[in-house]
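>
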Amino acid sequence: MASLEDQLGGLATLSPAQRRTEWRKYHRGRLMPLGLGRDLASRAIAWKMQERLSGGLAPAINRELKRLAKQLLETGDIDLGRGPILKPSTKLVRQWHGTIYHILVLDDGFQFQTAITARSRPSPARSPGPHGPVRAFSA
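Once you know that position 29 of the sequence shown is 29 in this note's numbering, the rest is easy, because the numbers rise by one and skip nothing.
(1) Can at least three beta-carbon pairs, one atom from the stretch 64-72 and one from the stretch 39-53, be found at a separation below 8 angstroms?
(2) Measure from the alpha carbon of Leu99 to the alpha carbon of each residue in Gly55, Asp108, Gln71, Thr114, then state which is nearest.
(3) Go ahead and label Glu74 buried or exposed: buried means 16 or more other beta carbons lie within 10 angstroms of its beta carbon, across all protein chains shown.
(4) By Cβ distance, which residues of its chain are closer than 6 angstroms to Ser138, with the 5 residues on each side in sequence left out?
(5) Out of curiosity, what's the CA-to-CA distance linking Ser15 and Gly109?
(6) Considering only the beta carbon of each residue, do Leu11 and Ser54 sit closer than 8 angstroms?
(7) Our contact map puts Val105 next to Pro88 with C-beta atoms below 8 angstroms; I'd like the distance itself, whole angstroms only.
(8) Given this structure, state the Cα-to-Cα distance separating Ala2 from Gly29, to the nearest angstrom.
(9) Rounded to the nearest angstrom, what separates Ala17 and Arg63 at their Cα positions?
(10) DSSP state of Gly10, grouped into three classes?
(11) Which same chain residues, not among the five before or five after Ala136, have their C-beta less than 7 angstroms away from its C-beta?
(12) Taking 8 angstroms as the cut-off, decide whether the C-beta atoms of Ile78 and Leu92 are in contact.
(13) For Trp23, does the count of other Cβ atoms within 10 angstroms reach 16, so buried, or fall short, so exposed?
(14) Within the stretch 29-116, note down every full alpha helix (DSSP H) run reaching 4 residues or more, in order along the chain.
(15) By the DSSP assignment, the alpha helix (DSSP H) with Ala17 in it spans what residues?
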């Protein structure tokens, strides 16, 4: 069997009949849509080849793409403004230039909590030993 790179390179040289056969092979036996150009058909086949090799998109991404496609069909537009949704009481912690910042997510916004300057060295109890971190054990 030829490598994926060879198969992808060969798509441009396929006859229309061969391209339809490849389409059915990678699109669960469905017929290639009428009027689909050579370039777009080759790209769709290449996508499916790579998808089979790499495992495809994550289910969450597939759901989001289906939601956007449905929205486009229904309204003629898509809303990409949806970002990650943070639940109230989530605490965001970030360190920047040696200072630790805490932000608390509220029902109606965010609350900035006092920044704490990070220590330059770890405390002795957490210092790594010569063979990795030192762990305390009780007998």
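We treat Cβ as the ideally placed atom computed from N, Cα and C, and that holds for glycine.
The short version:
(1) Fewer than three beta-carbon pairs drawn from the stretch 64-72 and the stretch 39-53 are found closer than 8 angstroms, and the two stretches are therefore not classed as touching.
(2) Translated into positions along the sequence shown, residue 99 becomes position 99. According to the sequence displayed, residue 99 carries Thr and not Leu. Considering only alpha carbons, the answer is Thr114.
(3) Translated into positions along the sequence shown, residue 74 becomes position 74. Exposed, by the Cβ-count rule.
(4) Numbered from its first residue, the sequence shown carries residue 138 at position 138. In this predicted model, Ser138 has a pLDDT of only 45, less than 50, meaning its place in the structure is not dependable; the value taken from the coordinates is given anyway. Taken in chain order, the list of residues that qualify is empty.
(5) As a working mapping, residue 15 is identified with position 15 in the sequence shown. As a working mapping, residue 109 is identified with position 109 in the sequence shown. Going from the Cα of Ser15 to the Cα of Gly109 covers about 58 angstroms.
(6) By one-based count along the sequence shown, residue 11 stands at place 11. By one-based count along the sequence shown, residue 54 stands at place 54. No; because the gap between Cβ atoms is not below 8 angstroms, this pair is not in contact.
(7) Along the sequence shown, one-based indexing puts residue 105 at 105. Along the sequence shown, one-based indexing puts residue 88 at 88. About 6 angstroms separates the two Cβ atoms, so the contact holds.
(8) Within the sequence shown, numbered from 1, the residue matching residue 2 stands at position 2. Within the sequence shown, numbered from 1, the residue matching residue 29 stands at position 29. Just so you know, the alpha carbons of Ala2 and Gly29 end up roughly 22 angstroms apart.
(9) As a position in the sequence shown, residue 17 is number 17, starting the count at 1. As a position in the sequence shown, residue 63 is number 63, starting the count at 1. For Ala17 and Arg63, the distance between alpha carbons rounds to 33 angstroms.
(10) Counting from one through the sequence shown, the residue named residue 10 turns up at place 10. Three-state DSSP puts Gly10 in a helix.
(11) Residue mapping note: residue 136 aligns to position 136 of the sequence shown, counting from 1. Its pLDDT being 47, under 50, Ala136 is placed unreliably in this model, and the value from its coordinates should be taken loosely. The answer is none, since no qualifying residue turns up.
(12) One-based indexing of the sequence shown puts residue 78 at position 78. One-based indexing of the sequence shown puts residue 92 at position 92. The answer is no: Cβ separation not under 8 angstroms.
(13) Your numbering for residue 23 matches position 23 in the sequence shown. Buried is the call here.
(14) The stretch 29-116 contains these whole alpha helix (DSSP H) runs: 38-54, 59-75.
(15) As a working mapping, residue 17 is identified with position 17 in the sequence shown. DSSP places Ala17 inside the alpha helix (DSSP H), whose first and last residues are 16-26.
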